[in-house]
Amino acid sequence: MSLATWVAIAASAVGAATPLVYAALGELVTERAGVLNLGVEGMMLVGAMSGFAVAVSTGSLLLGFLAAAAAGALIALLFAVLTLSLQTNQVATGLALTLFGVGLSAFAGRSFVGLPIARLPPLHIALLSELPVLGPLLFHYDLMVYLSLALCALIAWLLKRTRAGLRLRAVGEAPEIAHALGEPVTRIRYLAVLFGGAMSGIAGAYLSTALTPMWVEGMSAGRGWIALALVVFGTWKPWRVLGGAYLFGTVTVLQLYAQGLGIHVPSEFLSMLPYLATIVVLVVICRDARTILLNQPASLGRSFHPGY
Amino acid sequence: MWPFDRSPWPLRLERRAKPSMAMRMASSPLAAVAMVVTGFLTLSLLGTDPVAAFKVFFVEPLSSLYGLGELLLKATPLMLCALGLAPGYRANVWNIGAEGQFTIGAITGGGAALYWTPAMTHGALPLILLAGVLGGMAWAAIPAFLRSQFRTSEIFVSLMLVYIAQLLLSYLVHGPWRDPAGQNFPQSPPLPDNALLAPLFDGARVNVGFLIALALAALSWWFGHATAAGYRMRVSGLAPAAAAYAGISQRRNIWLAMLIGGGTAGLAGICEVAGPIGMLQPSISPGYGFAAIIVAFVGRLHPLGIVLASLLMSALYLGGESAQVELQLPSSVSGLFQGALLFFLLAAELLIHFRVRRT
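Here the protein sequences line up with chains A and B, keeping their order. For the first sequence, numbering that gives the first Met the number 0 begins at 0 and goes up steadily by one. For the second sequence, numbering that gives the first Met the number 0 begins at 0 and goes up steadily by one.
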């Protein structure tokens with residue numbers, strides 16, 4: 000294996016990780032506000048479909064990503080109204096959102112199957128992109144990759160260092176106390192759910208316009224669920240979630256290079272790796288009960304009814 | 000509560016002193032009606048004549064003996080899977096991987112039929128069905144073990160195992176189990192005659208699997224309402240803290256719930272392979288394991304409700320197929336309706352615990 004191959008593996012791992020980064024960071028914010036939205040897979044598919052459809056129809060990838068974020072937020076709103084205002088069970092409603100999103104995207108996107116699209120191009124930065132090794136490794140990604148890193152830094156800073164982040168965390172840890180202190184618990188949770196939906200929508204659009212530029216029904220293939228698992232794996236901390244996503248990106252692309260690495264296993268078994276890895280990392284992180292107890296938002300998954 | 004606490008909203012929610020029995024009965028029918036109404040509004044917006052669509056969707060598929068047989072045939076796997084999921088959901092054990100346990104049941108049962116029992120003159124079928132049940136149970140035992148041993152969420156593990164099971168099936172039918180006489184199609188040889196479930200009556204494909212599902216519905220009513228284990232599972236779901244204080248073992252509940260769910264899903268899988276499909280192929284389920292989650296909720300986790308809900312859901316599948324042929328609508332329209340049905344149901348359940356008041 001030459002150095003160039005290793006660089007190529009690392010670079011494509013970053014691409015495979017990016018949709019996971021967006022979806023997992025969005026879900027992280029939702030969960031830090033105390034809401035468990037299991038509908039990530041459905042929101043990603045709706046985002047992938049609407050992003051692709053708008054990008055193909057208008058020729059503008061920017062409009063595609065904006066539409067994907069809006070569509071993701073819109074069906075997250077459905078989840079928010081049901082769980083936050085109508086007090087339905089968050090697990091059941093999240094599952095419903097996923098099943099609904101799978102059906103909706105397949106139905107609404109049927110006329111876009113198989114259409115070609117110009118993929119999101121990698122940036123070319125004068126001099127830097129041409130550096131040997133470092134060029135392809137650091138300076139040759141598309142804009143959305145760099146944006147995801149900036150977002151991770153921004154979310155980490157907002158959550159830890161700002162008043163807004165403190166209020167969001169207070170709502171997730173102790174909604175009754177936050178309510179008694181005058182925080183608009185339900186409104187903050189609405190915003191967190193909508194943000195998570197928009198991020199999942201963007202993650203989907205990245206799949207359908209950058210990673211594999213096409214639309215096929217069910218194309219997210221469980222990535223939404225892997226993103227949900229990454230939030231647990233990253234113990235609800237943005238930088239760890241980012242690291243986890245890159246780890247998974249690497250596992251995903253390794254299967255493509257397995258033949259070159261001299262591993263001769265049927266392709267189906269290599270395709271199982273990301274799913275197996277998800278199970279393994281969850282077991283590793285959950286083995287010590289304290290890890291979850293200390294890091295999981297205390298009110299995660301519980302409804303909050305302010306009462307009158 | 001926001002946004003319903005603002006003055007422009009003329010209505011607000013008020014918690015009932017005790018849950019409404021009437022609403023408990025009415026919520027599923029209400030949701031079904033709301034889904035049908037929304038469905039036809041959507042179709043007319045898309046330019047399809049709603050009356051014609053209603054006929055194509057619900058009348059034509061069911062207006063022949065063959066059609067009625069298909070209704071029961073498609074209801075069978077939904078009923079089996081949902082009956083197995085319900086006790087777990089009542090005990091807060093969220094097995095959402097029935098689709099994977101279904102696939103493994105098809106693999107182990109189908110493997111037994113192809114390579115173990117062909118020479119047997121009697122008793123092959125019970126062994127094959129048992130192999131399917133055990134396969135589904137083994138697959139469900141993985142999340143049960145990881146949850147009870149390491150507190151790993153059974154939601155994620157059971158779902159990840161769906162993808163792994165489907166890849167395993169794909170490997171088998173592309174590789175070692177591929178029919179040498181199958182012109183390179185990724186499929187196993189057809190199951191021998193002694194491994195096939197016979198149709199219940201001439202002119203239809205519904206088989207004895209449907210009767211097994213009905214018997215299991217009765218058994219599951221008995222389990223839930225007349226056994227201590229069923230009672231313990233219900234208490235754990237309704238009041239986890241009280242259950243723990245009373246010494247009810249959550250670990251035992253997890254194992255029971257997962258094994259029941261895995262077993263019935265595995266049975267559903269082998270019933271499909273030994274019934275209408277007759278061989279192993281890469282895709283053996285149009286998402287029955289996931290649709291069964293909706294069936295379980297629409298049936299309000301009650302055996303009788305599940306029997307009715309699986310018939311409704313089966314009608315949706317048939318309607319979707321018929322609409323695909325006659326109205327050129329994509330078959331995914333049934334997925335859309337299924338998801339909408341669950342949303343409406345969750346919203347209707349609100350009325351059990353709250354009443355709507357004018358401000």
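Backbone N, C-alpha and C define an ideal beta-carbon position, used for all residues, glycine too. As the structure is a prediction and not an experimental result, all values here were calculated from the model.
Contact with chain B by residue i, beta-carbon distance below 8 Å
i	result
L142 (chain A)	no
E216 (chain A)	yes
S270 (chain A)	yes
A105 (chain A)	yes
W5 (chain A)	no
T29 (chain A)	no
P265 (chain A)	yes
R109 (chain A)	yes
G71 (chain A)	no
T234 (chain A)	no
L229 (chain A)	no
Coil, strand or helix - residue i by DSSP
i	result
L70 (chain B)	helix
R354 (chain B)	strand
L328 (chain B)	coil
L275 (chain A)	helix
L122 (chain A)	coil
E13 (chain B)	strand
S333 (chain B)	helix
M141 (chain A)	This sequence places Asp at residue 141 (chain A); Met is not what is there. In the structure shown, D141 (chain A) sits in a strand (DSSP, three-state: E or B).
M22 (chain B)	helix
P76 (chain B)	helix
M48 (chain A)	helix
E216 (chain A)	coil
E182 (chain A)	coil
T97 (chain A)	helix
V192 (chain A)	helix
W224 (chain A)	helix
Any chain A beta carbon closer than 8 Å to residue i
i	result
E348 (chain B)	yes
Q337 (chain B)	yes
L129 (chain B)	no
Y162 (chain B)	yes
Y329 (chain B)	The displayed chain sequence assigns Pro, not Tyr, to residue 329 (chain B). Yes, its Cβ sits closer than 8 Å to a Cβ of chain A.
W254 (chain B)	no
S282 (chain B)	no
M24 (chain B)	no
S6 (chain B)	Residue placement at S6 (chain B) is flagged as unreliable, the pLDDT there being 47, under the threshold of 50; the coordinate-derived value follows with that caveat. It does not; no Cβ of chain A falls within 8 Å.
R177 (chain B)	no
G334 (chain B)	yes
V35 (chain B)	no
T151 (chain B)	yes
I293 (chain B)	yes
Residue i burial status per 10 Å Cβ neighbour count (16 or more: buried)
i	result
W93 (chain B)	buried
E153 (chain B)	buried
L210 (chain B)	exposed
E129 (chain A)	exposed
D192 (chain B)	exposed
H123 (chain A)	exposed
H139 (chain A)	buried
Q89 (chain A)	buried
S360 (chain B)	With chain B running from 0 to 358 in the structure shown, residue 360 (chain B) is simply not present.
N36 (chain A)	buried
Y244 (chain B)	exposed
W5 (chain A)	exposed
N183 (chain B)	exposed
T75 (chain B)	buried
Nearest-angstrom Cβ-Cβ length linking residue i and residue j, presumed shorter than 8 Å
i	j	result
L307 (chain B)	G298 (chain B)	7 Å
L258 (chain B)	M136 (chain B)	5 Å
G309 (chain A)	A67 (chain A)	Summary: the structure shown does not reach residue 309 (chain A), with chain A confined to residues 0 through 307, and so no result is reported for it.
G134 (chain B)	G265 (chain B)	5 Å
S147 (chain B)	W254 (chain B)	6 Å
G96 (chain B)	L158 (chain B)	5 Å
L312 (chain A)	S219 (chain A)	An answer regarding residue 312 (chain A) cannot be provided, because it is not within the stretch 0 to 307 covered by chain A.
E69 (chain B)	S321 (chain B)	Contact doesn't hold; Cβ gap of about 10 Å is too wide.
G262 (chain B)	V156 (chain B)	Going by Cβ atoms, the distance from G262 (chain B) to V156 (chain B) rounds to 18 Å, so no, they are not a contact pair.
V315 (chain A)	A226 (chain A)	The first residue shown for chain A is 0 and the last is 307, placing residue 315 (chain A) beyond what the model contains.
DSSP beta-bridge partners of residue i
i	result
P265 (chain A)	None, per the DSSP bridge assignment.
R289 (chain A)	Its beta-bridge partners do not exist; DSSP assigns none.
P198 (chain B)	B:N206
Proximity test, residue i beta-carbon vs the ligand NAP heavy atom, cut-off 7 Å
i	result
Y65 (chain B)	No copy of the ligand NAP occurs in the structure displayed, which carries no ligand at all.
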